[in-house]
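Residue 7 is where the sequence shown starts when you use our numbering, and the numbers rise one by one after that.
Glycine included, C-beta positions come from ideal geometry on N, C-alpha and C.
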Amino acid sequence: MMTRRQTLGSALALGAAVMAKPALGATMFPVVETARGKLRGLESGGVSIFRGVSYAADTSGKNRFMPPQPVEPWSGVRDALHWTDVAPQIPGDRRHVYADLIMVDRNPSGMGEDNLSLNLWTPKIDPNAKKPVIVVLHGGGFYSGSGNSVGMDGEQMARFSDSVVIAINHRLGAFGFLHLAEFGGDDFATSGTVGMQDIVAALGWVRENVAAFGGDPDRVLVYGQSGGGAKTSVLMAMPGGKGLFQRAGVMSGSALRMMPPEMASATAKRLLDALEIAPGDVRKLQQVPWTTLLETQAGLEAADRARGEAPRSFAPVVDGITLPRHPWDPDAPSISADVPMIVSSVLDERSYRMGDFAMDEAGLLAFAKERLGERAAEAVAAYRAEDPDAKPFLLAARMDSDLTFRKGAFAQAELKARQGGAPVWTYLWTEPSPAVDGRFGAVHGIDVAPSLYNTRGALNGSSPSANELAAAIAGSWAAFAANGDPNNERVPEWKPYSAPRRTTMIFDQDLRVEDDPRAEFRKYWR
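Below you can see the structure in the form of structure tokens.
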């Protein structure tokens, strides 16, 4: 006779075996033939996963700072079961509360230069399925993050949205945006944009291969948050991206201008000097160990901080070739006029960067004076009237959010609407994070997990109301990928943005559409 413990153990073991067993007729290790060779993935709960799919060659040695090169074809079946390395990057500082709450920087793999890969999740492997395709560009500015991170996992979204979901890795920092044209001539003419060229190459892979995974190459949405939104902003002004995507989304990352070549050249000269490489010997940079190059970049940034200066960062360069102009200045790029957009921000973006949680009202006024001068008292009174119970720290963050993230998002939406091409929709996420007793409010990144229908994120919690809100926003992105319009049964009617109405979806527990929300604060954004 079995004991109660043995019976329970047997039941759990049987349950685990049943859960692990593939459905009748399913293949645990599906194989798909791409243009370069066959790939073996893994089936998980009805979603097939292909990790570490190389869309371009190793970027080390002679390929460093060069446009992405094609992958050599292979024979047999190549496993796509493991993450590749991510792009070399300076690790984030996990000593801060916010850094430990977000998951978009949790990379389950190492670093290296063979990193031009993508991860793909599909609900149906059928060349005739023609599912919408959702391509996610990770955050982290142009210097950190990866498509391998926990926060970019697309399995739940593929299942929820019945779409193919893809997350991309690409070159970052000096490896992706070191502008060497002044020193290396034509061979290095586009080195300041190779990180963005990687994304174009990945989208080229999607165009060529996604049908074999069940996707529709004519219904591709590219979107991302923070740095991912900035990359989307830039992509829309790149001739190389034309026709590779049909919808675009910018979440808290509206980038209007990019790096001028003269500024980028000065940064490159500084790096060359630190490595004791003469400007005429730039090819020696391709021989420097990647660890040395990354450490040198980190050292220069640390030196800037020690002097109280903002680090001179790396970002896409307006090189006149791959990026002919500033992406959204002075107007919306005509090359993507036919691409509909969603542009968004969250209410308290900057709270993650505010260190003075104990700020009092006097501190708030002083904070406002640094940014608004003689308008400070008026602004503080307006912000306090909008949210009488908010802590001064959070109002300061909200003010800074309006003057940075929201100002850019507003300008981008206005430019897109004014262009008169494809429509643009906007949203504002105001639902606060429950983490750390609500300290951060609706902080930067709070809409990332729910947008991928990842409902266990530390920033959002997993309450029934949080899950409903995740379904609303993920459903909107799914509808946008499928139809080029975010309207769906989970949200009220959402009309495109245009002046003077400026219709905006408000994502919080009182899900609603408002015309020109928080209009009284826009006078401080100019």
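In the three-state scheme derived from DSSP, where H, G and I count as helix and E and B as strand, Val83 is classed as strand.
In this structure Leu281 is exposed. Its beta-carbon is surrounded by fewer than 16 other beta-carbon atoms within 10 angstroms. DSSP links Phe56 through a beta bridge to Leu126.
In this model, Ser232 and Asn113 are separated by some 17 Å (Cα to Cα).
Contact between Ile479 and Phe446 fails: their C-beta atoms lie close to 18 Å from each other, not under 8 Å. Taking each of Gly58, Gly451, Ser260 and Pro470 in turn and checking the Cα distance to Ile108, the smallest one comes out for Gly451.
If you ignore the 5 residues before and after Ala383, its C-beta comes within less than 8 Å of the C-beta of Leu371 and Ala374, all in its own chain and listed in chain order. Under the three-state reduction of DSSP output, Gly467 falls in the coil class, being neither helix nor strand. Trp334 sits in coil when the DSSP states are folded into three classes, being neither helix nor strand. The stretch 257–271 makes contact with the stretch 327–335; the number of CB pairs closer than 8 Å reaches 3 or more. Beta bridge pairing from DSSP links Val142 with Ala173 and Tyr229. Of the candidates Asp354, Asp406, Met158 and Ala388, Asp406 places its Cα closest to the Cα of Arg377.
Per DSSP, Phe320 lies in no beta strand (DSSP E) and is assigned neither H nor E. Contact check between the stretch 417–426 and the stretch 434–448: fewer than three CB pairs, one atom from each, fall below 8 Å, which does not count as touching.
Distance from the CA of Lys248 to the CA of Pro394, rounded to the nearest whole angstrom, comes to 48 Å. Sixteen is the threshold: when 16 or more other Cβ atoms of the shown chains lie within 10 Å of the Cβ of Val216, as they do, the residue is buried. Counted as a single uninterrupted DSSP element, the alpha helix (DSSP H) harbouring Glu376 occupies residues Glu367 to Leu378. DSSP, reduced to helix, strand and coil, places Leu434 within a strand of the structure shown. For Phe411, the enclosing alpha helix (DSSP H) starts and ends at Phe411 to Gln425. In the three-state reduction of the DSSP assignment, Ala364 falls in the coil class, being assigned neither a helical nor a strand state. Counted as a single uninterrupted DSSP element, the stretch harbouring Glu392 is not any beta strand (DSSP E) but the alpha helix (DSSP H) occupying residues Ala382 to Glu392.
In the same chain as Ser471, and ignoring 5 residues on each side of it, the C-beta atoms closer than 8 Å to its own belong to Gln515, in chain order. Take Met244, set aside five residues on each side of it, and the residues of its chain with a beta-carbon closer than 7 Å to its own are Met202, Val206, Thr328 and Leu329, in chain order. By DSSP's assignment, Leu329 forms no beta bridge with any residue. Annotation for Phe513: the continuous beta strand (DSSP E) segment containing it runs Thr509 to Phe513. Beta-bridge pairing by DSSP links Ser351 to Leu434.
Under the DSSP assignment, Glu49 falls in the beta strand (DSSP E) whose first and last residues are Leu48 to Ser50. Nearest to Arg84 by alpha-carbon distance, out of Ser54, Ile96, Gly67 and Gly43, is Gly43. Between Ile140 and the set Val497, Ser457 and Ala525, the nearest pair of CA atoms involves Ser457. Gly160 carries a coil assignment under DSSP once its states are collapsed to helix, strand and coil. For Gly182, the enclosing alpha helix (DSSP H) covers residues Gly179 to Phe183. The beta-carbon distance between Gln252 and Val345, rounded to whole angstroms, is 6 Å. This is short enough to meet the 8 Å contact definition. Under the three-state reduction of DSSP, Ala187 is assigned to helix.
Counting of Cβ neighbours within 10 angstroms places Arg311 among the exposed residues, the total staying below 16.
Annotation for Glu520: the continuous beta strand (DSSP E) segment containing it runs Arg518 to Asp521. Nearest C-alpha to Pro506 among Thr238, Ala423, Ser350 and Ala218: Ala423.
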